[in-house]
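Below is one structure; the comments refer to it alone.
2 protein chains.
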Amino acid sequence: MGLEDVLADLSSRHEEILGELVEFASIPSVGADPARADRMLEAARWVADRLGRAGPLSARIVETGGQPIVYGEWLGAPGEPTLLVYGHYDVQPEDPLDRWESPPFEPTLRDGRLYARGVSDDKGPMLIPIEVARSFFRTEGALPVNVKFMFEGEEEVGSPSLDGFIRSHEEMLAADAVLSADGAMWRPDEPSIVVGSRGVAGLEFTLTGASKDLHSGRHGGGVANPLHAMAQLVASLHDEEGRVAVAGFYDRVRDVPEAERAEIRAMPFDEAAYLAELGAPAPVGEAGYTTLERQWIRPTLEVNGMWGGYQGPGGKTVIPSEAHAKITSRLVHDQDPEEIVALITRHLESHVPAGTRLTVTPGAGRAGAARIEPDHFVVRAARRALSEVYGVEPLLVRVGSTVPISELFERHMGLRTLFFSFSTADEDFHAPNEFFRVRRLYEGLEAWTRLWEEVGQSGPSEAGAAGTGRPE
Amino acid sequence: MGLEDVLADLSSRHEEILGELVEFASIPSVGADPARADRMLEAARWVADRLGRAGPLSARIVETGGQPIVYGEWLGAPGEPTLLVYGHYDVQPEDPLDRWESPPFEPTLRDGRLYARGVSDDKGPMLIPIEVARSFFRTEGALPVNVKFMFEGEEEVGSPSLDGFIRSHEEMLAADAVLSADGAMWRPDEPSIVVGSRGVAGLEFTLTGASKDLHSGRHGGGVANPLHAMAQLVASLHDEEGRVAVAGFYDRVRDVPEAERAEIRAMPFDEAAYLAELGAPAPVGEAGYTTLERQWIRPTLEVNGMWGGYQGPGGKTVIPSEAHAKITSRLVHDQDPEEIVALITRHLESHVPAGTRLTVTPGAGRAGAARIEPDHFVVRAARRALSEVYGVEPLLVRVGSTVPISELFERHMGLRTLFFSFSTADEDFHAPNEFFRVRRLYEGLEAWTRLWEEVGQSGPSEAGAAGTGRPE
Chain A
634 MGLEDVLADL
644 SSRHEEILGE
654 LVEFASIPSV
664 GADPARADRM
674 LEAARWVADR
684 LGRAGPLSAR
694 IVETGGQPIV
704 YGEWLGAPGE
714 PTLLVYGHYD
724 VQPEDPLDRW
734 ESPPFEPTLR
744 DGRLYARGVS
754 DDKGPMLIPI
764 EVARSFFRTE
774 GALPVNVKFM
784 FEGEEEVGSP
794 SLDGFIRSHE
804 EMLAADAVLS
814 ADGAMWRPDE
824 PSIVVGSRGV
834 AGLEFTLTGA
844 SKDLHSGRHG
854 GGVANPLHAM
864 AQLVASLHDE
874 EGRVAVAGFY
884 DRVRDVPEAE
894 RAEIRAMPFD
904 EAAYLAELGA
914 PAPVGEAGYT
924 TLERQWIRPT
934 LEVNGMWGGY
944 QGPGGKTVIP
954 SEAHAKITSR
964 LVHDQDPEEI
974 VALITRHLES
984 HVPAGTRLTV
994 TPGAGRAGAA
1004 RIEPDHFVVR
1014 AARRALSEVY
1024 GVEPLLVRVG
1034 STVPISELFE
1044 RHMGLRTLFF
1054 SFSTADEDFH
1064 APNEFFRVRR
1074 LYEGLEAWTR
1084 LWEEVGQSGP
1094 SEAGAAGTGR
1104 PE
Chain B
634 MGLEDVLADL
644 SSRHEEILGE
654 LVEFASIPSV
664 GADPARADRM
674 LEAARWVADR
684 LGRAGPLSAR
694 IVETGGQPIV
704 YGEWLGAPGE
714 PTLLVYGHYD
724 VQPEDPLDRW
734 ESPPFEPTLR
744 DGRLYARGVS
754 DDKGPMLIPI
764 EVARSFFRTE
774 GALPVNVKFM
784 FEGEEEVGSP
794 SLDGFIRSHE
804 EMLAADAVLS
814 ADGAMWRPDE
824 PSIVVGSRGV
834 AGLEFTLTGA
844 SKDLHSGRHG
854 GGVANPLHAM
864 AQLVASLHDE
874 EGRVAVAGFY
884 DRVRDVPEAE
894 RAEIRAMPFD
904 EAAYLAELGA
914 PAPVGEAGYT
924 TLERQWIRPT
934 LEVNGMWGGY
944 QGPGGKTVIP
954 SEAHAKITSR
964 LVHDQDPEEI
974 VALITRHLES
984 HVPAGTRLTV
994 TPGAGRAGAA
1004 RIEPDHFVVR
1014 AARRALSEVY
1024 GVEPLLVRVG
1034 STVPISELFE
1044 RHMGLRTLFF
1054 SFSTADEDFH
1064 APNEFFRVRR
1074 LYEGLEAWTR
1084 LWEEVGQSGP
1094 SEAGAAGTGR
1104 PE
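As given, the protein sequences belong to chains A and B, one line each in that order.
Note that the first sequence covers residues 634 to 1105 in the working numbering.
Note that the second sequence covers residues 634 to 1105 in the working numbering.
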């Protein structure tokens, strides 16, 4: 049968596909770094080239005002559902560089893992559907479903252009569901499907004391030290119970039904093993919730960076003029990112310590929380595909992190997003020594093949029936 | 008379001396930067060379294990007092470089000010006694007093080698008083003599959460964020009244007599003008004391640097593994630097937030507070010298900052130190755009000449009578 031919073709190309990933991950496509604008374009062109080689996909680069989007489509299966495949070719900054065991943009194979910045988030996972399409076209000359590919280059900076792009390309992007190659499974050996993710809202702020750096001996004791003020202000953001102390922060947070909390508590989760893996001495967070609940169904406020004064070797007796902090908040239904930024800003403004001045600037990411129904047609197809690959029924889980597209597609087009990534949560994708398990690359190729086949068999009417999901 | 000849010779050499300072300040002698070890040695050799040119001073470079000390002496006035002249040829780091209007090591003259790192602290002031000696030798062939010169290269990193050097060279350094070319006068047009300075004690600490940087979406809410912990811990160091909240911190602090506080309140000090000059919105500090009291007679605890997480452009959704802070405390009589470091360490240890681990490392500087009696023979000579140069009686003031040598000479040799520097407190010497007023260079040349002459005339018996100061 056709499916077996496609899988055989993919198996025969394993080495070739791994080589492609090495080439892709060698491009330092760090979107946050303006000095690498050329390398971002190089990565976009690389993706468009690979899409073009995969088959008749009309691959093209579409300008957005920010980083370009790479787009391609095949609509040769009339009557079948249309899946919009999402991924991103930009990667996180690689710092701190001195903690990488091999250079971040020289992909290195060690113990069945490929180490490089972006290899797990999201270059490995997004390469999978491209290669699956290539094998379908090589063996069958067609795909079992209609597929649209959309790869962006701004995911790691909060997808600032995506909202406008979706709104101005609704017809081009029209589909029955979104399949995201971004996201990550919970564990490498236990297949899982994400049915919920948190939103995000960020901002940055500066406290200024004197207009210039001062000698801390001569002036110390007389004027405000912005570092002390920053410590006070940041400390004021949480109460002693680990709750976010920003007025109104929890106002729109729904009480999670006890049944749902019971489900989460029943998940196979070994807290001690989790902490040991991170090298964390203790679980810390909001009182009254388990660690998984705090990460999956409760909002947070995290400082991602805080700095001011002298950081070099030795000492410098200075009272700096400025102190800085970057904050992101993870959101749950129905928190609104804009409102949360406004609430945090109001908190900061009303808690500015004496003798300092506050400046708040918006952060990069803004997205609401997202979910998909367990009986959605792509979820059902994904469960069958994963069961066949792994021999066990996948867990239905949530993730604490954010993929802004889910909420955007839901808001603008009423579409649900299925996260179908083959990276794993432990692959250090925002830290030094990011890696991607090579066998997960191969499992992903098989799973995407089976998923498309399942969706193609289930047909359009079923997709239509469940496509918009049940009301919440 | 001889004095007039010396002053005339100095006047005729004003341009030449300014040129020497430009050459000296062009050497980037940043002792805190290991990459500049060669430039430190270059600076030491430059000083030894200038001492050698000044006259028969047996100038030499003495190794210390750290940065070398430049030494020279002339003991040709038997029966006269011996003055030990102190200064330092190392300078503060120049960062933040982008805020300098002209390059920090290309001395630039603007509006009667010479701009360069170290020009005011301490290269300009320490060059003065060398040039004064040169003019005395050129015109008189002798100095009016015995003089020993000692210039160190570790003042900006807390003089770690000085204690051992003094103890192992007590005979070589024996003198009746120390004359420090380091320190700074209060205001450019109002001569002042410092009769007290604060001590210093520093440390650095790190809070570690997980053993690696984590994705703040995936893990946020579950494990400790060392930046939140750092904010809490730093905020715990002061109470709401601006007092240092470290247990035992004030135990050895003496109550300052009301008469002394009244004297300080009577000083000509315009707080509004002071704040305006710094660009500071408000006075901030310990409740119950005026700004001058807080800077002169009260101890402080200041964070000089605090950092962790992502500081680059854009955002990075990270929970960092580590957060760092550098602290220095300014001390008054009779606080002991070692004890203060131990008390702060104990406070940190007993306030470590959950889920983080603390590491404390000692900071560079350790020195007690110091003072000199208003009727000490060098103070009386300095008052007369300054009255002649400026036409007004100098103010007796204190400074909030630290010159470790005072306490060291007092502890090891029973000597008092007179600060006789011609830099001014507003010359940004620990900030970008450090400058030195050129006319103060010339005033300093005259004042040092008159001071040595005064001490020479007052003779040894008077020095002996007041040399060890009254008991405190």
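Think of the CB as a built atom: it goes at the ideal place given N, C-alpha and C, for glycine as much as any other residue.
Bear in mind the structure is a predicted one, so any value in this text is a computation, not a measurement.
Contact between the region 813-828 of chain B and the region 924-938 of chain B is not established, with fewer than three Cβ pairs separated by less than 8 Å. Taking a C-beta distance under 8 Å as the contact criterion, Pro970 of chain A and Gly938 of chain A do not qualify as a contact pair. Between Phe1062 of chain B and chain A, the shortest Cβ-Cβ separation is below 8 Å. DSSP places Tyr704 of chain B in no alpha helix (DSSP H) but in the uninterrupted beta strand (DSSP E) bounded by Ile702 to Trp707.
Following the DSSP letters along the chain, one finds Thr933 of chain A in no alpha helix (DSSP H) but inside the beta strand (DSSP E) bounded by residues Thr933 to Gly942. Here Val780 of chain B really is in contact with Trp707 of chain B; their C-beta atoms are around 6 Å apart, less than 8 Å.
Scanning A:Arg999, A:Thr989, A:Val778 and A:Arg979 for the CA closest to the CA of Val965 of chain A turns up A:Arg999. Taking the beta carbon of Tyr943 of chain B as reference, the chain A residues within 8 Å of it are Pro726, Asp728, Asn937, Gly938 and Lys959, listed in sequence order. For the region 1022-1034 of chain A, the set of positions with a beta-carbon nearer than 9 Å to some beta-carbon of chain B reads Val1032, Gly1033 and Ser1034 in chain order. Comparing C-alpha distances from Ile1038 of chain B to each of B:Thr978, B:Ile702 and B:Ala1003 shows the shortest one belongs to B:Ala1003.
The region 951-961 of chain B makes contact with the region 858-872 of chain B; the number of CB pairs closer than 8 Å reaches 3 or more. Ile897 of chain A has a beta carbon lying at 8 Å or more from every beta carbon in chain B. Of all residues in the region 1001-1012 of chain A, none comes within less than 9 Å of chain B when Cβ atoms are compared. For Thr994 of chain B, the beta-bridge partners assigned by DSSP are B:Glu837. Only residues of its own chain outside the window of five on either side were considered, and among them none has a CB closer than 8 Å to the CB of Pro890 of chain B.
If you look at Val1032 of chain A, you'll find it in the beta strand (DSSP E) that goes Leu1028 to Val1032.
With respect to chain A, the C-beta atom of Ala864 of chain B has a partner C-beta closer than 8 Å.
By the Cβ criterion, the region 880-900 of chain B is not in contact with the region 895-903 of chain A, since fewer than three pairs of Cβ atoms, one from each stretch, lie closer than 8 Å. Using a Cβ distance threshold of 8 Å, Thr994 of chain B and Leu836 of chain B count as a contacting pair. Here the region 800-814 of chain B lies against the region 1025-1042 of chain B, with 3 or more beta-carbon pairs under 8 Å apart. Here the C-alpha atom of Gly918 of chain B lies approximately 51 Å from the C-alpha atom of Val1030 of chain A. Taking Ala677 of chain B as reference, the option from B:Gly699, B:Arg1013 and B:Leu643 with the minimal CA-CA separation is B:Gly699. According to the DSSP assignment, Met863 of chain A belongs to the alpha helix (DSSP H) that extends over Pro859 to Ala868. From the beta-carbon of Ala1058 of chain A, the residues of chain B found nearer than 8 Å are Arg851. At least one C-beta of chain A is nearer than 8 Å to the C-beta of Leu860 of chain B.
At a cut-off of 8 Å between beta-carbon atoms, Ile952 of chain A makes contact with chain B.
In this structure, the CA atom of Ser1034 of chain A is about 38 Å from the CA atom of Ala878 of chain B. Look at Val879 of chain A here: in three-state DSSP terms it is coil, with no helix or strand label.
Any Cβ of chain A closer than 8 Å to the Cβ of Pro946 of chain B would place that residue at the interface, and such an atom is present. Annotated three-state conformation of Pro916 of chain B is strand, per DSSP. Between Asp754 of chain B and Val724 of chain B the beta-carbon gap is near 7 Å, inside 8 Å, which marks them as a contact.
Distance from Lys756 of chain A to Phe882 of chain A at the Cβ level is roughly 35 Å; contact not present, criterion being Cβ atoms closer than 8 Å. Burial is judged here by how many other beta carbons sit within 10 angstroms of a residue's own beta carbon; Leu730 of chain A has fewer than 16 and is exposed. Looking at B:Arg686, B:Lys949, B:Lys845 and B:Gly912, the one whose alpha-carbon comes closest to that of Pro914 of chain A is B:Lys845. Runs of alpha helix (DSSP H) with 4 or more residues, each lying fully within the region 665-720 of chain B, are found at 670-687, listed in chain order.
Sequence-ordered contacts of the region 662-690 of chain B with chain A read Gly664, Ala665, Asp666 and Pro667 [C-beta pairs closer than 9 Å].
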